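Below: the structure, in structure tokens.
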Amino acid sequence: MIKINLRKLLSGRGMTQTELASRTGIRPSTICSICSNSCTFLKLEHIDKICLVLGCSVQELIFIKP
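Counting in this note's numbering, the sequence shown runs from 227 upward without gaps.
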């Protein structure tokens, strides 16, 4: 199962979902659904923006949980 590690990454960087939304231009509701792993799809553009702002790789953001 594919999981998104955004909540943990935000916590580790002391950043809120609101701050990430503001810095990336991604809607807060979208950030919330990504954090809760309830999104059904994720735009590549959003992955790119999130990784850029958080200074992380795609592998740190998205992982496969057996």
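Backbone N, C-alpha and C define an ideal beta-carbon position, used for all residues, glycine too. Computed from a predicted structure; not experimentally measured.
- For residue 229, the closest of 279, 282, 264 by C-alpha to C-alpha distance is 264.
- Following the DSSP letters along the chain, one finds residue 276 inside the alpha helix (DSSP H) bounded by residues 270–280.
- With a threshold of 16 other beta carbon atoms within 10 Å, residue 252 meets it and is buried.
- Per DSSP, residue 229 is one residue of the beta strand (DSSP E) stretching across 228–230.
- At a Cβ-Cβ threshold of 8 Å, residue 232 and residue 276 count as neighbours.
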